[in-house]
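Data block below; observations after.
Numbering (the numbering used here), first residue to last: 3 to 181.
Okay, here's the thing in structure tokens:
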């Protein structure tokens with residue numbers, strides 16, 4: 003049986019959904035028999051590979067770097083799963099939208115810092131913030147949406163199994179926004 007090539011990443015989020023992924027515990031062994039994890043914070047792969055069957059993306063898009071990465075992911079992936087409320091709606095990351103990029107930069111890089119010798123935004127080290135934080139589907143086509151903050155391990159397991167077995171999954175009893 004040919005294994006499905008799977009990748010994961012978190013963008014602007016807390017990594018809570020990746021922790022829930024690990025919370026599948028012994029079910030990870032069952033899934034591992036069906037997949038090759040080719041790119042992830044869990045493996046030491048530096049470049050996003052081509053020909054990925056399923057890319058699981060956690061987190062919203064808040065920087066020019068996030069946009070660049072998500073476009074590479076879309077180009078290299080057959081299917082994309084938006085995992086968690088940040089990827090689906092922007093969630094906590096999108097609270098920045100209430101205040102604007104300039105106010106967030108001022109608070110983070112000037113008001114709350116102990117040391118900023120230049121008095122300037124560190125643009126050579128920090129990716130440029132977008133004007134607003136957006137969910138994945140505002141930048142690319144997303145094939146699957148799984149909400150939750152974080153997404154429960156049971157929901158992640160059922161959705162991955164459904165994708166691997168090419169069958170529909172009703173997650174309405176497994177998760178809800180903000181749960």
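Glycine included, every Cβ here is placed at the ideal spot set by N, Cα and C.
{"Item": "List the DSSP bridge partners of residue 153.", "Value": "According to DSSP, residue 153 bridges with nothing at all."}
{"Item": "Using a Cβ-Cβ cut-off of 6 Å (strictly less than) and excluding sequence neighbours within five positions of residue 55, which residues of its own chain qualify?", "Value": "6, 7, 80"}
{"Item": "Note down, one range per segment and in chain order, each beta strand (DSSP E) of at least 3 residues found wholly within the region 41 to 114.", "Value": "54 to 60, 63 to 65, 79 to 85"}
{"Item": "Less than 7 Å separating the beta-carbons of residue 85 and residue 60?", "Value": "yes"}
{"Item": "Quick check on DSSP: helix, strand or coil for residue 171?", "Value": "coil"}
{"Item": "Mind checking whether residue 58 and residue 10 have CB atoms under 7 Å apart?", "Value": "yes"}
{"Item": "Using a threshold of 7 Å, state whether the C-beta atoms of residue 155 and residue 22 are closer than that.", "Value": "yes"}
{"Item": "Short of 6 Å in beta carbon distance, which residues of its chain neighbour residue 171, apart from the five on each side in sequence? Order them along the chain.", "Value": "160, 161, 164"}
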